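> Could you have a look at this structure, given as structure tokens, before my questions?
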Amino acid sequence: MAGIDFSLSNGNWAPEIVLPDAAPDGSLITIGSSAVWGSSITNGAEAMPVGQGDLFAFVREEGGWTYITDPESLDCKGSECALPSNLRRIKFLLSNGNWAQDIVLPGAAAEGASITIQSSAGWSSTISNGASDVAISQGDTFQFVRSGAAWVSPVSKVEKTLLQFGCTDGSASCSLPTMSSPVTKVAVGNSNWSSTVRLPATARPGDVVVIRNDASNSVGVVAGDATLETLATGSVGRYFRDGDGGWTSAYPVKVLLVYSSQAADAAGGASEEELRLARLLDFTNTALENSAANFYLVAAETIQYDLAATTLAAAYEEGIGQLKNGASDLALYRATYQADMVVYEGALGTSDGCGRAFTSPAYASDYMYPEWIQDSKESMLAVISLHAWCDDFVMPHEVGHLAGLMHEGTANTYPARIYAKGASNVGDLMGKRGAGVEVIPYFSNPRLYTSTGLRMGEPGLVDSVRAMNENAPTISNFYP
Ligand SMILES: [Zn+2]
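Each step along the sequence shown adds one to the number in my numbering, with nothing skipped, and position 472 is 491.
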């Protein structure tokens, strides 16, 4: 089905039009009416009325029908335009001939409802989202998802420059605005620099700001009256909003990266393998930043060392045995470099999977009980296999286990930590797997939504980030 045009008229009328449950992405349905009697369009759980003169268009996008509309259809061309509140997925298009000055997001909406506003108009408009106003200009697309009583921008992998936050290059101080999303990523460069960056005065507990300084000069990061940190050239600052309304620097977790000589051969040499591990560590940090985690990984050291075992399961057992024996090579390296975690990469095939890590003093189960964290220091080993079938998601997944996470769908008999797992509706790092599931570099967090409006967790039930954030201070402090 590529496109359907459906017309209602007096001689050709139906009380209800039900949109199909399935259709290829990109399919378009338009429904117009010249009938004097009203009808209703049913789109999944929603119904919308159709009256005489109405014309509605729906496009199929990622498993649902999105209602496409514009100022003219909503009778608000040129003026203030209030978007309807009863729909889950709306796309609102602005163009030169069909433009509105002000766009007002509805004050109420279903949890997870999604509004996308796209502009090709030469004039900018203002979007009021309740908390703050946002300007939308030609070429911009903004998406808002309903979360609790607020509209939030969904997960963002996009860094914004200080100029995009309204600051002037070279200014003494740049104040970041109130956050509209749980994660704000800021890029500082030479044409986009302030000596001081002030963290938002208002934020919600668990919000995270990441600041990457690529400018030649350092940047002071200020919260309230206090300087939290001075970011040297090339460094990254990560800050989370604590429950007391203050900003705190994220916890560094020190990782000893170990590779076998076979892994070095498979990677094309020791320096290639070291670059590979550095890249995987960066990718893990990106996933932690995306997810609003309160910690990040730092390479304590990267060394070559061979375990004797040649399979993943055997290497894991051998490595854990060494960490529990303070006189062993691996335990001595770890103590020398004060590493909270150890990640070992070998060319270990895939007969036991691509990676292995458990957390518990006995490392006998996939469960993480909060009171075990302090006793889990000697279990902080992940073993991964360098193999063509093993992708970049293996390291962050295993680090998730070490930080206390279970797989999606794991029945946990320990109710206090039932939420320490992946989501069943999205392919997050500990989440659903299988045909047609795209793995995304996120840990579950019910404050986050995918770009199609799927919530990445459930409060109290599926919340990997909450569990990891509770464990991070202890893990980060194994070697104070
Ligand atoms: Zn796993």
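All residues carry an ideal CB built from backbone N, CA and C; glycine is no exception.
All values derive from a computational prediction rather than experimental measurement.
Looking at A129 and R108, is the spacing between their C-beta atoms short of 8 angstroms?
No, these two residues do not count as a Cβ contact at 8 angstroms.
> Can the beta-carbon of S139 be found less than 8 angstroms from the beta-carbon of S156?
Not a contact, by the Cβ cut-off of 8 angstroms.
> What residue from S192, T329 and N313 has the CA that sits closest to S404's CA?
Here the closest residue by C-alpha is T329.
> Could you pull the DSSP bridge partners for R79 from this structure?
W84.
> Under 8 angstroms, do S104 and A76 count as touching if we go by C-beta distance?
Cβ atoms of S104 and A76: not closer than 8 angstroms.
> By Cβ distance below 7 angstroms, which residues in the same chain neighbour L296 in space, the five residues on each side in sequence not counted?
Hits under 7 angstroms: L276, Y278, T321 and E364.
> Under 7 angstroms from any heavy atom of ligand 1, does the C-beta of H406 make it?
No, since every heavy atom of ligand 1 falls outside the 7 angstroms radius drawn around the Cβ of H406.
> Looking at C-alpha atoms only, which residue of K451, V229 and K110 is the closest neighbour of I87?
When only C-alpha atoms are compared, the closest one is K110.
> For L247, which of helix, strand or coil comes out of DSSP?
Looking at L247 - three-state DSSP - the assignment turns out to be strand.
> Which ranges would you report for the beta strand (DSSP E) in the stretch 185–244 if only whole runs of at least 3 residues count?
DSSP runs (the beta strand (DSSP E)) wholly in the stretch 185–244: 190–194, 202–207, 213–217, 227–232 and 238–242.
> Can you have a look at G225 and say buried or exposed, based on whether 16 or more other CB atoms are within 10 angstroms of its CB?
Label assigned to G225: buried.
> With distances taken from CA atoms, which of S213, N490 and L93 is nearest D394?
It is N490 whose Cα lies nearest to the Cα of D394.
> Would the beta-carbon of I36 fall within 8 angstroms of that of S58?
Yes.
> Would you tell me roughly how many angstroms separate the C-alpha atoms of G45 and Y356, rounded to the nearest one?
So the alpha carbons of these two residues sit roughly 54 angstroms apart.
> On the premise that Y498 lies in contact with D359, defined as a C-beta separation below 8 angstroms, what is that separation, rounded to the nearest angstrom?
That pair is a contact at about 6 angstroms.
> Using DSSP with H/G/I as helix, E/B as strand and the rest coil, what is Y382?
For Y382, the predicted structure reports a pLDDT of 44, less than 50, and the residue's modelled location is therefore unreliable. The matter cannot be settled from this model.
> Roughly how many angstroms separate the alpha carbons of A168 and G149, rounded to a whole number?
Rounded to whole angstroms, A168 to G149 spans 10 angstroms at the Cα level.
> Can you name the start and end residues of the beta strand (DSSP E) that S58 belongs to?
Run containing S58: S58 to N62, per the beta strand (DSSP E) assignment.
> CB-CB under 6 angstroms to A234, same chain, minus the five flanking residues each way: which ones, in chain order?
Answer for A234: V207, G208, N209 and W212, listed in chain order.
> Given 8 angstroms as the limit, is there contact between the stretch 410–428 and the stretch 366–376, that is, 3 or more CB pairs closer than that?
Taking 8 angstroms as the limit for Cβ pairs, the verdict is that the stretch 366–376 does touch the stretch 410–428.
> Look up G256 in the DSSP assignment and give the residues it is bridged to.
Answer by DSSP bridge pairing, in chain order: I230.
> Taking the alpha carbon of S28 as the point to measure from, which residue in E99, S495, G70 and G253 has its own alpha carbon closest?
Ranking E99, S495, G70 and G253 by Cα distance to S28 puts G70 first.
> Taking the straight line between their C-alpha atoms, what separation do you get for A64 and L38?
Computed Cα separation, rounded: 11 angstroms.
> For T369, which residues from the same chain have a beta carbon less than 7 angstroms from its beta carbon, with the 5 sequence-adjacent residues on both sides left out?
So the qualifying residues of the chain are S404, H406, W408 and C409.
> Along the alpha helix (DSSP H) that carries T493, what are the first and last residues, could you check?
From DSSP, the alpha helix (DSSP H) with T493 extends over S483 to S495.
> Taking 8 angstroms as the threshold, find out whether the stretch 307–318 comes into contact with the stretch 267–275 through three or more Cβ pairs.
Yes, they touch.
> Nearest CA to the CA of D121: which residue from D89, G131 and S133?
For the residues D89, G131 and S133, the minimum Cα distance to D121 belongs to D89.
> Output the distance between the C-alpha atoms of V238 and V484, rounded to the nearest integer angstrom.
Spanning the two alpha carbons is a distance of roughly 28 angstroms.
> Enumerate in chain order the residues of its own chain whose CB-to-CB distance from V153 is below 6 angstroms, with the five nearest sequence positions on each side excluded.
I146, listed in sequence order.
> Can you say whether W3 is buried or exposed, counting buried as having 16 or more other CB atoms within 10 angstroms of its CB?
Look at the range of the chain in this structure, 20 to 499, and you will see that residue 3 is not part of it.
> Can you give the beta carbon distance from F302 to P460, rounded, assuming they're within the 8 angstroms contact cut?
With a Cβ gap of about 7 angstroms, F302 and P460 count as contacting.
> Check whether the Cβ atoms of V456 and G446 lie closer than 8 angstroms to each other.
Result yes, Cβ atoms of V456 and G446 sit closer than 8 angstroms.
> How is Q281 classed by DSSP in three states: helix, strand or coil?
In the structure shown, Q281 sits in a helix (DSSP, three-state: H, G or I).
> Could you give the DSSP three-state label for V413: helix, strand or coil?
Helix.
> How many angstroms separate the CA atom of D385 from the CA atom of G338?
Per-residue confidence for D385 stands at a pLDDT of 40, beneath the threshold of 50, marking its modelled position as unreliable; the derived number appears in the next sentence. Cα to Cα, D385 sits roughly 17 angstroms from G338.
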